[in-house]
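For what it's worth, this note's numbering labels the leading residue of the sequence shown as 71, then goes sequentially.
C-beta: ideal position from N, C-alpha, C; glycine also.
Have a look at the structure below, then the notes.
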Amino acid sequence: MSFIPLVTDQINEGYVILITGLLIVFCSLLILSLVFKYGLPVMLYVYKIATKRKDKKISEIKVEADKDFTGEIAAAIGAAVHMYLDQQHDHESAILTIKQVKKPYSPWSSKIYGTQNRL
């Protein structure tokens, strides 16, 4: 007769775990949906206000030219960059050598040992 109260206690504990789990899942889904529906637009509005600035048009931007910068200096910089980038790569021959390696027999990869004979 002591078996029946033990089973009912286990069933009651199961219901408590079930209800607790369901409450946690559905409350978290409700909170997430409220955050995405109401919180996200507010955060985006605040971000838009915080980052709002007057964008300058291209015609409003003044370019200050350096009078000492000549074409020879630009050519020297270009040549230096070209030589630097050219030296980064190794020059190797394009000959590939492929050697076939013969693997020794291994019973670990054999499928015949994986089958079982059931008589």
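Original post:
In whole angstroms, what separates the C-alpha of E130 from that of V95?
Top reply: 55 Å
**OP:** Kindly indicate which three-state DSSP category D79 falls into: helix, strand or coil?
**Re:** helix
Subject >> Between the CA atoms of L102 and K122 - distance to the nearest angstrom >> reply: 28 Å
**OP:** Return the CA-CA distance between H152 and T167, expressed in angstroms with no decimal places.
**Re:** 32 Å
Original post:
K107 by DSSP, collapsed to three states: which one?
Top reply: helix
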